[in-house]
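Undergrad:
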Amino acid sequence: MMENWGDRLRFTQSSLWARESLLALQRLVLGASGLGVQVGDCWLQYAKLCRSAGYYETANQAILEAQASGPPKAHMEKASLGSSSLNSLTVVTSLLEKYGIDPKQIGRLEVGSEIVIDKSKSIKTFLMQIFEECGNNDIEGVDSSNACYGGTAALFNCVNWVESSSWDGRYGLVVCTDSAVYAEGPTRPTGGAAAIAMLEGPDAPIAFESKLRGSHMSHAYDFYKPNLASEYPHFPLF
């Protein structure tokens, strides 16, 4: 029976949810047999199906389940998911195309996020792929990393640049992006991922009154991610 799972899956109707039922049964059988790595492979199959169908958050959760079982190809599927759901690249491209903005007109690019995809390389550098194609490498700005406030800081940085003597007349572009991924438990279904892009420049429909803004910042461990090898946040016990 174990050897026929591949054939059973191929002959099952192609809908995601029909195949997930068979994969779920397979995971139960393999788990009961103590075959943890094979269970992980089943999760990766499910992740691939979800990714192909556009259910990126569900695919990400399946990869997390797979990683707990230690299949050797988990990192490859995670990389594939990343290339499929590059929300930041998508929103930048969409904004430029929708409003007819030449990538050469962008002079500053700020990214705000709590995500750290690399301990040195910023998300902004990945977005530079869009601008390098038209020869625009002269773009200031970098990431502002902080839970909840990273996007606000990126927006203020761009506004300050446009209002300063350093402004060269080009547009500023702000990208705010985050993904919320939680460990197994009641908070996991609340996870998600999104990104938005905002264009900064003169004569905008929304004007900033920079002198009328305020901030409140304090040292607190209400939400933090001390383990750089994990995407899961820590919550303090009150």
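Per this note's numbering, residue 385 is the first one in the sequence shown, and the count goes up by one each step. Glycine included, C-beta positions come from ideal geometry on N, C-alpha and C.
Tell me which residue opens and which closes the alpha helix (DSSP H) that Ser529 is part of.
TA: Note, Ser529: premise wrong, no alpha helix (DSSP H); beta strand (DSSP E) at Asp527 to Ser529.
Undergrad: Give me, in chain order, the residues of the same chain whose beta-carbon lies closer than 6 Å to that of Ala604; leave out the 5 immediate sequence neighbours on both sides.
TA: none
Undergrad: In its own chain, which residues sit with a C-beta less than 6 Å from the C-beta of Leu539, not counting the 5 before and 5 after it?
TA: Val558
Undergrad: Looking at the secondary structure, which residues open and close the alpha helix (DSSP H) in which Gly535 lies?
TA: DSSP places Gly535 in the uninterrupted alpha helix (DSSP H) bounded by Gly534 to Val546.
Undergrad: Would you please state the rounded distance, in angstroms, between the beta carbons of Ala537 and Asn530? I believe it to be under 8 Å.
TA: 7 Å
Undergrad: Among all the DSSP beta bridges, which residues are the ones paired with Gly496?
TA: Ser528 and Cys560
Undergrad: Can you round the beta-carbon distance between Tyr555 and Ile507 to whole angstroms, since I take them to be within the 8 Å contact cut?
TA: Taking the Cβ atoms as the reference, Tyr555 lies roughly 19 Å from Ile507, outside the contact range of under 8 Å.
Undergrad: Determine the contact status of Asn541 and Ser528, defining contact as a CB-CB distance below 9 Å.
TA: yes
Undergrad: Relative to the C-alpha of Ile499, which residue among Gly484, Tyr533 and Asp522 is closest?
TA: The candidate whose alpha carbon is nearest that of Ile499 is Tyr533.
Undergrad: On the criterion of 16 or more Cβ atoms from any shown chain inside 10 Å, does Gln513 qualify as buried, or is it exposed?
TA: exposed
Undergrad: So the candidates are Ala450, Thr574 and Glu524; which of them puts its Cα closest to the Cα of Ser550?
TA: Glu524
Undergrad: Per DSSP, what kind of secondary structure is Lys581 in: helix, strand or coil?
TA: Residue 581 is actually Ala in this sequence, not Lys. In the structure shown, Ala581 sits in a strand (DSSP, three-state: E or B).
Undergrad: Can you tell me which of Gln422, Asp522, Gly553 and Tyr439 puts its alpha carbon nearest to the alpha carbon of Gln451?
TA: Nearest C-alpha to Gln451: Gln422.
Undergrad: Put Gly575 into one of helix, strand or coil per three-state DSSP.
TA: coil
Undergrad: On a Cα-Cα basis, can you pick out the residue from Tyr616, Ala578, Lys595 and Leu480 that is closest to Val565?
TA: Tyr616
Undergrad: Can you tell me which residues form a DSSP beta bridge with Tyr555?
TA: Ile490
Undergrad: From Ala579 to Ser472, what does the alpha carbon distance come to, in whole angstroms?
TA: If you draw a straight line from the Cα of Ala579 to the Cα of Ser472, it comes to about 6 Å.
Undergrad: Could you give the distance in angstroms between the alpha-carbon of Leu583 and the alpha-carbon of Pro573?
TA: 32 Å
Undergrad: Nearest-angstrom Cα distance between Asp587 and Val546?
TA: Pairing Asp587 with Val546, the inter-Cα distance amounts to about 12 Å.
Undergrad: With DSSP as the reference, identify every bridge partner of Tyr608, one or two as the case may be.
TA: Tyr608 pairs with His618.
Undergrad: On a Cα-Cα basis, can you pick out the residue from Asp502, Tyr439 and Ser594 that is closest to Ser614?
TA: Asp502
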